[in-house]
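J.: One structure coming up, written as structure tokens, with questions to follow.
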Amino acid sequence: MKLRDCESCLVYGTDNKPLSRARVETGGDEVIRLYFSNYKLRSARFKTYVDFYDVQQGLIRCFCEVVIRRNVQESRLIEPWTADCEVIKVNDVFQRQMDLRVRVQIATEFTLASGEFFVGTIRNISAGGIFLVTSQAIRTGEYFSFTHRFERELCEVKAKILRARGITSGGFGYGCKFVDLLPETEATIRKFVFAKQMEKQKKQGR
């Protein structure tokens, strides 16, 4: 299994509960190296599940052998633990980059292409678009934009109304598609969505 653009993962314990997040590095020898900021870990060798959050491929759940040891590299002292991770089996790519959608409550201001402002709430988001609820009646096919801070990055986003879902709680509901996203903005939103999914999984005890 080859990761394409992965900077983070979630390592599970042998009890199948989340153990720790880790930063991911891949080398030319295809060895996956993990770096942990969690000081509560200890040296260990075990087989477990690891969720890799790959920007291009999606969330990849693998069964791996993980060897955790103290990080003695001077340049990595900020991360006290490191690990070699060998993928034994790819269990599933159960969410492609454009499919994973998470629930959120993001209230913000939007601007129509005509320059008219309106307020609304983003109820769910994926790397491909949002579901927006607002008291503003908007025609299908209209474009709008908004600015929001995802993953500490302030992003300017443009979207198009694809379909109206009639009256819903809080106003009109609209399915919207992102358009003309800069590559770095798209990557930031993907990481934000993945992070929200990780939070959801931890709450569910997975």
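For the sequence shown, my numbering gives the first residue as 106, with consecutive numbering after it. Ideal Cβ placement from N, Cα and C applies to all residues, glycine included. Keep in mind the model is a prediction, meaning the values are calculated, not measured.
1. Consult DSSP for Ala212 and reduce its assignment to one of helix, strand or coil.
2. Whole beta strand (DSSP E) runs in the segment 114-195 with 3 or more residues, listed along the chain?
3. Please name the residue or residues paired with Ser231 in a DSSP beta bridge.
4. Can you name the residues that DSSP bridges to Ile266?
5. In whole angstroms, give me the CA-to-CA distance for Phe283 and Arg268.
6. Enumerate in chain order the residues of its own chain whose CB-to-CB distance from Ser125 is below 6 angstroms, with the five nearest sequence positions on each side excluded.
7. Buried or exposed for Pro123, going by 16 or more other Cβ atoms inside 10 Å?
8. Nearest-angstrom Cα distance between Gln202 and Lys296?
9. What residue range is occupied by the uninterrupted beta strand (DSSP E) comprising Thr252?
10. Name the residue from Gln302, Asp197, Thr239 and Ala232 whose alpha carbon lies nearest to the alpha carbon of Leu217.
T.: Based on what the coordinates show:
1. In this structure, Ala212 counts as strand in the three-state DSSP scheme.
2. Listed in chain order, the complete beta strand (DSSP E) runs (minimum 3 residues) inside the segment 114-195 are 123-131, 137-141, 149-159 and 163-175.
3. DSSP output for Ser231 lists Arg206 as bridge partner(s).
4. Looking at the DSSP assignment, Ile266 forms a beta bridge with Cys281.
5. About 13 angstroms.
6. Contacts found: Val116, Phe141 and Asn143.
7. Pro123 should be labelled buried.
8. Low per-residue confidence applies at Gln202: pLDDT is 46, beneath 50, and the placement is therefore not dependable, though the value from the model is reported in the following sentence. So the alpha carbons of these two residues sit roughly 10 angstroms apart.
9. First-last of the beta strand (DSSP E) with Thr252: Tyr248 to Phe255.
10. Minimum Cα distance to Leu217 is reached at Thr239.
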